[in-house]
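Structure, as C-alpha cells:
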Amino acid sequence: MEIFGLEFNLSEIVSAIVPVLLQVLLLLIAFAIIKPIGSKAITKMIETMGAKKNLSPGRTKTLEKLCINVFSYALLFILIVMLLGTVNIDIGPLLAGAGIIGLAIAFGAQNLVADVVTGFFLLLERQVEVDDYVTVGGYGGIVEEVGIRTTKVRGFDGTLHFVPNRLIEGVSNHSRGNMRALVDIGISYDDSIDEAMKVLQEVADRFKEDERFKEGPDVLGVQSIGSSDIVIRILGQTKNMEQWAVERDMRKAIKEALDEAGIDIPFPHQVNLYKGEAKETV
Amino acid sequence: MEIFGLEFNLSEIVSAIVPVLLQVLLLLIAFAIIKPIGSKAITKMIETMGAKKNLSPGRTKTLEKLCINVFSYALLFILIVMLLGTVNIDIGPLLAGAGIIGLAIAFGAQNLVADVVTGFFLLLERQVEVDDYVTVGGYGGIVEEVGIRTTKVRGFDGTLHFVPNRLIEGVSNHSRGNMRALVDIGISYDDSIDEAMKVLQEVADRFKEDERFKEGPDVLGVQSIGSSDIVIRILGQTKNMEQWAVERDMRKAIKEALDEAGIDIPFPHQVNLYKGEAKETV
Amino acid sequence: MEIFGLEFNLSEIVSAIVPVLLQVLLLLIAFAIIKPIGSKAITKMIETMGAKKNLSPGRTKTLEKLCINVFSYALLFILIVMLLGTVNIDIGPLLAGAGIIGLAIAFGAQNLVADVVTGFFLLLERQVEVDDYVTVGGYGGIVEEVGIRTTKVRGFDGTLHFVPNRLIEGVSNHSRGNMRALVDIGISYDDSIDEAMKVLQEVADRFKEDERFKEGPDVLGVQSIGSSDIVIRILGQTKNMEQWAVERDMRKAIKEALDEAGIDIPFPHQVNLYKGEAKETV
Amino acid sequence: MEIFGLEFNLSEIVSAIVPVLLQVLLLLIAFAIIKPIGSKAITKMIETMGAKKNLSPGRTKTLEKLCINVFSYALLFILIVMLLGTVNIDIGPLLAGAGIIGLAIAFGAQNLVADVVTGFFLLLERQVEVDDYVTVGGYGGIVEEVGIRTTKVRGFDGTLHFVPNRLIEGVSNHSRGNMRALVDIGISYDDSIDEAMKVLQEVADRFKEDERFKEGPDVLGVQSIGSSDIVIRILGQTKNMEQWAVERDMRKAIKEALDEAGIDIPFPHQVNLYKGEAKETV
Amino acid sequence: MEIFGLEFNLSEIVSAIVPVLLQVLLLLIAFAIIKPIGSKAITKMIETMGAKKNLSPGRTKTLEKLCINVFSYALLFILIVMLLGTVNIDIGPLLAGAGIIGLAIAFGAQNLVADVVTGFFLLLERQVEVDDYVTVGGYGGIVEEVGIRTTKVRGFDGTLHFVPNRLIEGVSNHSRGNMRALVDIGISYDDSIDEAMKVLQEVADRFKEDERFKEGPDVLGVQSIGSSDIVIRILGQTKNMEQWAVERDMRKAIKEALDEAGIDIPFPHQVNLYKGEAKETV
Amino acid sequence: MEIFGLEFNLSEIVSAIVPVLLQVLLLLIAFAIIKPIGSKAITKMIETMGAKKNLSPGRTKTLEKLCINVFSYALLFILIVMLLGTVNIDIGPLLAGAGIIGLAIAFGAQNLVADVVTGFFLLLERQVEVDDYVTVGGYGGIVEEVGIRTTKVRGFDGTLHFVPNRLIEGVSNHSRGNMRALVDIGISYDDSIDEAMKVLQEVADRFKEDERFKEGPDVLGVQSIGSSDIVIRILGQTKNMEQWAVERDMRKAIKEALDEAGIDIPFPHQVNLYKGEAKETV
Amino acid sequence: MEIFGLEFNLSEIVSAIVPVLLQVLLLLIAFAIIKPIGSKAITKMIETMGAKKNLSPGRTKTLEKLCINVFSYALLFILIVMLLGTVNIDIGPLLAGAGIIGLAIAFGAQNLVADVVTGFFLLLERQVEVDDYVTVGGYGGIVEEVGIRTTKVRGFDGTLHFVPNRLIEGVSNHSRGNMRALVDIGISYDDSIDEAMKVLQEVADRFKEDERFKEGPDVLGVQSIGSSDIVIRILGQTKNMEQWAVERDMRKAIKEALDEAGIDIPFPHQVNLYKGEAKETV
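Protein sequence lines correspond, in order, to chains A, B, C, D, E, F and G.
Take 1 as the starting number for the first sequence in UniProt numbering and just add one per residue.
Take 1 as the starting number for the second sequence in UniProt numbering and just add one per residue.
Take 1 as the starting number for the third sequence in UniProt numbering and just add one per residue.
Take 1 as the starting number for the fourth sequence in UniProt numbering and just add one per residue.
Take 1 as the starting number for the fifth sequence in UniProt numbering and just add one per residue.
Take 1 as the starting number for the sixth sequence in UniProt numbering and just add one per residue.
Take 1 as the starting number for the seventh sequence in UniProt numbering and just add one per residue.
Structure follows, in C-alpha cells:
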C-alpha cells in the first residue's frame, strides 16, 4: 500500500496494534474486577467497624460513600495513566505537566484534604454528636451537623457557625457525663466562718435531695481571703446541662439563707485616712 | 539533492515528517473531541448539583465558568506539551525551565489557589449568601457579594471589607434562624429577689405577645452575685435581626417597671472605714 | 587534514554543524514570531479587561507592562535553555546548578512573588484606589499610590506607610458608600427615659435637614444599662468622610439641648456606707 | 499458531512466562517468611521494653498492635509494588500517579501521622497515666484514656476534652510527688511583724502533725510590702491532691488565730486630702 | 607501550584528550567573554536605574557591587560544574552530594537570602533613607545606615537597633511630608462649649502665624463626651519633626488661656450617695 | 536440562550467580569492618569531647549510645539497600515506595528528630544540669532529668513538667553565679529623701556582713516618683538561691528601721474636692 | 584459571582494575592538592576581612575554624561519594538511602544550620560584643560570650540566658553611643507652668556641668495634660550606662528644688458631688 509514495505494510501495522489492544483489554478487565471487589471490601470493613463502634447508620453510610469515592477516583486516575502508557503515547510530558499543575493545586487544596481527613475521624470516633454541647475551634454551641468537610455548631446567641473540620483541633465536649455546679460566696471579715459554713451547708443539704444533683453539693471551705471578704466555696455534681439552672437556684437560696441568718455579703471595703486640707496654696 | 555539498534524500525526509504530522493530527482531533465533551460533562454535573443544592442560577453559572476555565487551561497546557514532544523538540529543557519558574510562582500564587478553592466551596455550599449578616475572617457585616476570589462584606459603620476567601476559616452566620434576646439586670442586695423576679416576669409576659418574639422571654433566675448587685437574667428567642430592637425595648420597659415597683438598680457600693488623721507628721 | 597526528574529516564536521545551525535558526525564528504575537495578545487582553472593569489608563498600562515583562523574561529563559540544548552542550549540569541556586532564591524571593501576585489583583480589581481611606495590613490612612510591589498609605498623623502588597490580606475600604454617624449618650437613672428620648429625637430631627446626612439620624432606644447611667443611642448615615464632623456637631447640639431640658449626663456614681472608726488599734 | 494472521510461538511465550512466575513465587515466599518473623521480632522487642519500663499489659498490647499494623501495611505496599514490577507492567505511571495523590494526602494527613508518633511515645514513656491530673495542650483535668491518636481529659467542670496527641507539646503532670501548699496573708502596717509571724508559726506548727503534710508548713517571712499590707508567706509540702483541702483548712485556722491575737487583715487603704470646695463656678 | 602487561595506544589517548581540551578551552573563552559583558550590562542597568530614581552614588555603588557579586559567583559555579562535566568526571555523585548539603543549607540560609532580597529593594526604592525617622519591624528611631543585610536604627533612648532587612515588612516613614499636631482638651460639663471653643480658637489663631505650622491649627469641635469632661480637639499640620515642640507650646498656651478665661480643666468626678452606717453588726 | 520444554544451562546459571555471591560477600566483609571501626571512632571522639568539656560519665555514655545507635541503623539501612541492588532485585520500586512512606513519616516525625538534635546539644553543652533552677520553653523549676528526647522539670508547686527538647529554645539558667537581691521601698512625699536614704543605708550596711551577700546591698537612689510615694531602691548580689530569703529578711529589717525612724511607707493618696450637693433634681 | 568450573582471565581482570586504581589515585591527588589550598585561601580571606572589620584575633580564629571545618567535611563527603562511584559500586541506592535519611535530618537539623549561619554573621559584623548590654530574642542583659551556636547573656537578676543564635532576629545594642536621660515631672494645675519650668531649668543647668552628661539636660515643655497634673519633661544625653544613675540623681534634685520653691507634685485628684442619703429604702 502506498500513500504519498510511502509504503505501509498492513500486516506489520496489525501485528503492532493487536498486542496493544490485548493489553488495553487486560487492563480494563483487571480494573473491572478490582473495582467492585474493592468497594465491597470497603463497605464490609466500614460496616464492621461501625457496628463495633456503635455508629448510627447515617454515619456509616457517609463514611462508606467517602471511602468508595476516594477509592474510585484513585482507581480511575491510575487506569487512565496506565492506558495512555499502554497506547504508547508518551505520558512523560503529560505527567510532568500534571505534576506542575498538581503542585500548585496541592498547595491550595491541602486545607480541603485536611478537612476531609479530620472529618473522617470525627465521624468515626464519636467525639462529637448531633445535639452535643461542644467547644471546637473557638466556637461553642450545640452541634447541628457533623459533615465530612464542615461541622455546623449553633451558638447560644442563635448564630450558626460553619467550622471547617481542620480547625477542630481539640474537642471539648460538655455533654458527656455529669457537670460541676460551683458557687463562691464572699462573707464579711467580721462574721464567724464556722457559722457561715453551717448556714451554707444547711442550704447544700436541702439541695442534696434535688434529683438534678448527682453528687450532693457540699461546702468545701475557705477558698480565698479576698481584699474585702472571705470566699467560701460550695461544690456539687449535677445532671448534664442542668448545672446553670441549679447554680441559679442555689445562689437564690444561699442569699436568702444568709439574709435570714444575718450574715453579710460585703461590699468592697476601704480604710480612709485624712490629712486636713491639702497645702495652703489652694 | 545537495546543499553545501551535503546530500538530502527527499523521500527519507518525507517518511520522517509524515508520521509526525499524523501524530499531531491525531492529538488535535483527540483534544477537539475531549474538550467539548468535558465541558458538557462539567456543565451537566454542576447544574445537577446546583439543582439538588437549590443554588441560584447566578451561582451555578459562576461555578460552571470556573470549572470550564480550569479544565480548558489544563487541557491547553497538556496539548502544547504533548505537541512539542511529538514534533521531537526535546521538551526536557523546556519543562525543567518551566519547573523552576513554576516553583517560584507556586510559592507566590498558593494564596490565589487557596482563595479559589475556598471560594468554590463557599459558592457551592450556601454557608454565606448575599444579605446575610456574617462574621468571617475577623470582619463582621452584611455580605454584598460572594466572589470566586474575594467576598465583600459591608461593615455596620459603612466600611466595605474585601475579604480574600482563604481568610474565611470559620463562618459565623448570624442570619440563620432565631436569635437570642438577653437582658441582665442588677438589683440591690436589699431588695427581695422574689419580688424583683415577679416584676421582671410581668414585663417578660407582656413581651410574649410581641410577634417579634419566637420564644417568649422568661426570667431565668440569679445569674451572679456581683460585688454591689444581684444580677437577674431574662432570656428569649426573637425573629432574626430583631434581637437588638427587642432588647432595647425590653431594657426600657424593665427600667420603668422597676422604678414603679420601687426596686433599685444599684450604683457601685463601697464600705468606708475611718482612721482619724494620718500620722502627726502632716 | 591532520592536527597533532589526528585526522579531521571536514565534510563530516560540516554535516554535523549544519543541522544544528538550522535548528538554531528555526528556534530563533519561532521565538521572533511568538514574542510580538504574545505581547500583542496580552496587550489586547489587558485592555479589554481594563475597559470592562473601567480601570484608569494608568492602571491598564502598569498591568500591561508587568504582564509583558514576565512573558518576555520567561520566553528568553526558555530560548536560552533550548539553544544550549540544541548546540549539544549538555545542559544537565547547568540546569542542576541553576536548580540549586534557584531553590535558594525561591525561598528568599517568594515574598517578592507574593507581593507582585497580590499587586496584580489589587490593580485589576479596584479594591483600593488613590485617595481612598483604607485600612490594610494594620495600617490606616489615605492611599497615595498603588504599586505592583508596594502600596503607599498616608497615615492621619502624617506618616507615610509603605505596605508590601502581600501584607494586604483583607482590605477595609472606608470610602465606598455612606458612613455611619453614631452617638451614645448616657442619661441619669433619675431622669425619665421618655423625656430624654423626646429631647434627643428633636435634635436628631433638626439634623435630618442637614444635607450631609443621607439617612436622617434617629434615636434607637436604650442601648445599655450602665453602672451609673442609661445609655441612649442615636444613629444615622452620612456622606462619606463627613461622619466625624457630623458626630462632633451632634454631640455639641445634644449636650446643649439636654442642658436646656435640665437632663443630666451623670458622672460615675458610688454608694458609700460607713463603719465608724476602724479598729481601736489605730 | 495463527490468530488474525499473526503467528504465536507457544514455547516462546512459555519461556517468557515461566521465569516471571518463578520470580513471583520467590517474592511471595520471601514475604511469607519475612512477615511472621518481623511480627515476632516486634512483639518480643515491645514486650521486653514494656517489662523494662514497667508498662501495664494493656499499653504493651496497644503498642504491639500499632507496630505490627504499620509493619504489615508497609510490607504489603512494597509487595504489591514489587509484584507489579515483576509482571512487567510498567509501574512508572502508577507510581507517578500515586506520587501526586500521595503528595496531596501527605499534606493533609501529616497531622494524623504526628498524632500517632506522639501517641507512641506517650504510651511508651509513662508521662501520662489514666487518673493522673495533668495539663496538656492547654486542657487541664483528669486523664480518662491515653489513645494512639487522642487523649481524653476530664476537666474539673465535667467537660470531656478530646486532645489530639500532636497538641500535647509539654506535659505538666500534677500527680507525681508532693504538692505545694502556699498561703499568703497580709497584715496591717501597724501590727508588729514579729508578733504576727509568731502567731502564724504557731498555726503552722499545729498543722505539722497533720498527716497530709509531708513537709510541715513554715512561715517564710515578708514576701512583699504591698500598698496597704505586709504580706507574709507560709509554705509546706502536702500529699498529692491534698493541697487544696489543706490550704482551705489553713486559711480558716489562720484567720481565726489572727482574730484571736487581735491582728488585723487590712482592707485597702487610702489617704484623703481635702481642698475645700472646688471653684466658685459651681 | 606496555605497563603491567597492558598495552596503551598513545595516539588513541591523544585523540581522546584533544577534543576534551578543545571543549575546556571553548568553555573558558566563552566565560571570559560573558563575564565582563555581563558585568558591564549590570553596571549600566543599575546606573540608569539609579539616575532615573535619583539615588545617591553610594547606593548605586552598593547595588552594583551586590549584583555583580551574585552574577560572578553564579557564573563561577556553573563554569566549574560544566568543566567537570566536560572532563568526563561523572558529576552525578558530586551534584547529588551537593544537593543534599544544599538542601540543608537552603533551610538555614533562607533568612540570609530573604535579607538580601529585601535589602535590594530597600536600597533601590528609597523607602528609607539615612536620617529618616522610621518605624520598621517593631523598632522606631533615626536610620543610621541602610545595608544589604541589616538596617541600623538609632532609638530615641540611644539604643542602636540592628534590624535584619527581612523583618522590615511594612515601613512607616515619619519623615515624608508634614506631620499632624493634635491637642485634646477636656473642659468641664458646666462650662459653655461655645465659649471654650472661642477661647481655644483664639489660641489656635495666634499659632497660625507660627511658621512651623503648614496648615494652621483649628478647633474641630466636640471629640467625645467623657465621663467627667467634654473633650475638644484642635488639629493642625506642622513642618516635619516640629510636631512635638509645637504640641508642647500649644498645650502651655491653651492651659494659660483657659486659666485666664476662668474655664476649668476638670479632675475626675464622682457622685457619692450615702447610706448611714453599714449594718448594726459592726 | 529441560523443564517444561525449556533448556537451562547450568554452567551459565553458575557463572551468573557466582559473581553476585562474591559481591555480597565483599559487601558483608566491608560492613563487618566498617561497623566496629566506626563505633570505636565515635566512642573515642565522644569520650575526648566529654573529657574536654568536663561532662559526667553518665552523659558521655548517653551520647555514645545515641551516636552509635544512629550510626548502626544508618549502616544497616544502607547495607540492605545495597544487598538488594546486588542481588539484582530491582530496588527502584522499593525505594519509590519507601520514599512515599518516608515523606509521610518525615512530616510526622520531624518533631522527634528535632527533639533528639536539640537533646544532643543540651547533653553536650551543659546549658542545663540536674538540680539547676531553670526556665525552659515556658516551664520553670528544678531540672530532674535531661533526656535525649525530653527534659523533666519539677515546678515549685510540685508539678512535674515533661518538656520536649525542641521546645527548649532559649534556656534561662538561674543557677549560674550570684543572684540579685532587690528591694524597692516607697517613702512619703513629706519625708526627707536624705534622711530616708541614710536609714536605709544603715540597714544595708548591717546586711553587708551577712555571708549570704556576695556584693553588699547598697542604696541606689530615687528609682521613681510615684503617684503617692518616692520609690528608693536597694540592690545587692547574693549567693545563688539565697536571693529570696535575703530579700525577705531585708524587707522585715527595713520596715522595722523605718518605723523606728518615724518614716512613713505611704498608702495611696487622693486629693478630694467637693461641690456641695449635685443638682437640685435629686 | 578455573574456579568452580569458571574460567577467569587474569590479564582481563588486571586491565579492568588498573584504570580504576589510576582514577582513585588521581582523585586522591586532586583532593590532596585542593584541601590545603582551599584552607589557605579561607584563612587568608577571613584574616583580611577580620583586619578590615577590626575584629579581635579570637573572633577571626573562630570564624576560620568554622569555615575550614565546613569546607573539610564537604570535601570529604564528596571524595567518598566520588570514590564509590569510581570503584563501580553503584552508589544510586546509597545516595537514595542517604537522601531519605537526609530529608528526615534536614527537617530536624535546620535549626542547627540556622543557628550557625546567624552565628557566623554575628561574629563577623560586631553587632554584639562581650560586655555589651543588649536585648536579643527577648532576653536582656550583659553579653558574656558570642558563640557559633549560642550567645550567652547574663540578665541583671543574675540569670544566665543561653540564646540560640537563630532567635536573635533584631539586635538592640544599648552600649553604642550616648544614652538618653529622661525625667517626667507632674506639677499641680494651680502652679504656674512658667515658674515650674524656671525651677526645673535651674536644676537642669546645675547638671550640665556634671561630666556624665554629654548633652546637658534641658526642660522641653508641657509633655501632656494629665487628669490631675501638668507633666513637664526634662531630657538630656549621658555617657553610656550612666543614664540610670543620672536619672536617679536628677529625680532627687528636682524633688528637693520643687519642695524649696513650694511647687507641688500633686496626688491624684477627684471632685466629689453629694446626693444626701441614697433612697429611703435603706
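Each residue gets a CB set at the ideal place from its N, CA and C atoms; glycine is no exception.
Contact with chain E by residue i, beta-carbon distance below 9 Å
i: Phe121 of chain G; result: yes
i: Ser72 of chain G; result: no
Residue i at chain C interface by Cβ criterion, 9 Å
i: Pro268 of chain E; result: yes
i: His174 of chain B; result: no
i: Gln243 of chain E; result: yes
Closer than 7 Å at the beta carbon, the chain A residues around residue i
i: Glu169 of chain B; result: Pro164 and Leu167
i: Tyr189 of chain B; result: Ile265
Closest by C-alpha distance to residue i, when choosing among the options
i: Asp229 of chain A; options: A:Glu215, A:Thr238, A:Leu235 and A:Asp264; result: A:Asp264
i: Val116 of chain A; options: A:Thr151, A:Gly221 and A:Leu83; result: A:Thr151
i: Ile171 of chain E; options: C:Glu169, C:Ser175, C:Ile168 and C:Leu160; result: One detail in the question is off: residue 171 of chain E reads as Val in this sequence, not Ile. Per the Cα distances, C:Leu160.
i: residue 283 of chain E; options: G:Phe162, G:Ile33 and G:Leu122; result: Here chain E has residues from 1 to 282 only, and residue 283 of chain E is not among them.
Interface partners of residue i on chain B, CB under 9 Å
i: Met273 of chain C; result: For the sequence presented, residue 273 of chain C should be read as Leu rather than Met. Correct list: His269, Gln270, Val271 and Asn272.
Interface partners of residue i on chain G, CB under 7 Å
i: Gln223 of chain F; result: Arg248
Contact with chain G by residue i, beta-carbon distance below 9 Å
i: Ala196 of chain E; result: no
i: Leu160 of chain E; result: yes
i: Thr238 of chain E; result: no
Neighbour flag for residue i against chain A, beta carbons, 9 Å
i: Gly50 of chain D; result: no
i: residue 292 of chain B; result: Residue 292 of chain B cannot be examined here, being either before or after the span of chain B that is shown, 1 to 282.
Helix, strand or coil at residue i according to DSSP, with G and I counted as helix
i: Thr281 of chain C; result: Below a pLDDT of 50, predicted positions are generally treated as unreliable, and Thr281 of chain C, at 39, falls in that range; the measurement from the model is reported next regardless. In this structure, Thr281 of chain C counts as coil in the three-state DSSP scheme.
i: Arg233 of chain E; result: strand
i: Phe121 of chain B; result: helix
i: Glu169 of chain D; result: coil
i: Thr159 of chain G; result: coil
i: Arg154 of chain C; result: strand
Contact list for residue i against chain D, beta-carbon separation under 7 Å
i: Leu220 of chain A; result: Arg248
- [ ] Determine contact between the stretch 57-77 of chain B and the stretch 35-49 of chain B, defined as no fewer than three beta-carbon pairs at a distance below 8 Å.
- [x] yes
Open item on the list: Three or more C-beta pairs under 8 Å: does that hold for the stretch 163-183 of chain A against the stretch 256-273 of chain A?
Closed with: no
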